[in-house]
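Numbering of the sequence shown is given in the numbering used here, commencing with residue 98 and proceeding in unit increments.
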Amino acid sequence: MKKFCAPVLGLALLFCAGCGGVNGGGDPPAEELTEIFLSETEIEIEEGEVYRLTVRFAPQPGRMPEVIWTVSDGEIAEVEKGIVTGKKPGETIVTARTGENTAACRVVVAGDP
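Here's what the structure looks like:
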C-alpha cells in the first residue's frame, strides 16, 4: 500500500505545482498589480448628488482585489464602495487603494447658485 500512495502523492503535488499554486489561476496578488485606474480623474457634483466611480486594474486580475476608498475632506464629500456623495461646497480628493497601488479623483462639490 505504501508503494502506491507515494507515487500518487508525488503526482498530486506535481499537478498542483503546475496549476498556479494556492492562488489557483496564477493571478498576481493586489500588491503586484502594475496600475489601478478610476473611471474619472475629476468630477463636479452638487450638494446631495451621488456619483459612482469605478475601478479598473492593469493587468486585469481574475479576482477583484479589495479596494479601500478614502476621501481627503469628509466634510466636503463622502465615499463608500466608489459611491461619492456631495455634502457641502468645496474640493476634495477621493482615493482608491489596493495594496501599494492608488488612483485619485478630484471632486468639486458645487452649492446653490
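Each residue gets a CB set at the ideal place from its N, CA and C atoms; glycine is no exception. Small disclaimer: the values here were computed from a predicted structure and weren't measured.
Listed as beta-bridge partners of G183 by DSSP are A174.
With a contact defined as Cβ atoms closer than 8 Å, I180 and R203 miss out at about 17 Å.
Under the 10 Å beta carbon count, I165 is surrounded by fewer than 16 other beta carbons and is classified as exposed.
If you ignore the 5 residues before and after D170, its C-beta comes within less than 6 Å of the C-beta of T189, all in its own chain and listed in chain order.
With respect to P186, V168 sits apart: the two C-beta atoms are not nearer than 7 Å. In the structure shown, the three-state DSSP call for T199 is strand. Contact between V176 and V191 holds: CB atoms are separated by about 5 Å, below the 8 Å threshold.
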